[in-house]
Amino acid sequence: MSPSHSASEHPKVLAVIPARYASTRFPGKPLVDIQGKPMIQHVWERVRGVPAIERVLIATDDPRIAQAAQGFGAEVMMTSPAHPSGTDRMWEVAQTLPEFEWVLNVQGDEPFINPSHLQAALDGIQRFPAADIITLVTPIHTVDDWQEPNLVKAVLTAQGQALYFSRAPVPYHRDAPEDAFALPQGAYRHIGIYLYRRIALERFTQLPPSPLEQLEKLEQLRALEAGMAIYAAVVSEAPVGVDTPADLIRILDSLV
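Per the numbering used here, the sequence shown starts with residue 221, numbered consecutively.
Here is the structure:
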């Protein structure tokens, strides 16, 4: 897919924060209180802290989330409850706003996302002109993290293009000593922030789940299997996300 703007232009970026109430592992997660604010408000404020993002919307199918978001001043769009993923919810929003060339997906459970990291993704628009999708990675520093299946690994070319994402410890250092795993150079942890070229987002949501996606349970593999170009900017650290109530307890304890 060819870029739709020259290097001197600043494309219009829309940020969408998908948020649903009915999480299997943590129902009502976007509304849990963190230091006197619902989690979704922390995410919204940090996304709003990036000047290059022209518009920020919260996309939800639940009136409780919509009411809370409107209460702290966010722009909200009610979306279909039938969407299988936040990406599909994001495309429903983007279809109503065709003037935006790029659409940023920031999950509603990232209350500590660093605005400078979001800016790093936006900088990729100029840095990676062939990209259909821009995402983020951070270096892995320990063998335990490299082997942890809940941390998704990314394999990149020297130019920053993603070759593969996996829950397995990749890339594998074949010539490492037999009695120890050696952390290879270029081991990256993937951070699930996605900046989509508009036409790529439309195409992605029309593709069926792919074999590798279903095997690894990683949505981004659908794009790679379809030949779409994903590039990754490297940032210093991963944000602390909230997947379960136990994650929230740890975070709240650390803030005391």
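Cβ atoms here follow ideal geometry from the backbone N, Cα and C, with glycine treated the same way.
Annotation for F424: the continuous alpha helix (DSSP H) segment containing it runs R418 to Q426. Among the bridge pairs identified by DSSP, I254 is matched with K257. In summary, G412 is buried, with 16 or more beta-carbon neighbours lying within 10 Å of its beta-carbon over all protein chains present.
If the five residues before and after V270 are omitted, its C-beta is found closer than 6 Å to the C-beta atoms of P335, L338 and Q339, all from its own chain and listed in chain order. As a beta-bridge residue in DSSP terms, S386 pairs with K373. Take the alpha-carbon of A288 and the one of P258: they are about 8 Å apart. The Cβ neighbour count for G344, taken over all protein chains shown within 10 Å, is at least 16; the residue is labelled buried. Rounded to whole angstroms, the separation of the alpha carbons of L356 and H410 is 6 Å. Only residues of its own chain outside the window of five on either side were considered, and among them R442 have a CB closer than 7 Å to the CB of P429, listed in chain order.
With at least 16 other beta carbons inside 10 angstroms of its own, Y414 counts as buried. Taking all protein chains in view, the Cβ of Q379 is surrounded by fewer than 16 other Cβ atoms within 10 Å, so the residue is classified as exposed.
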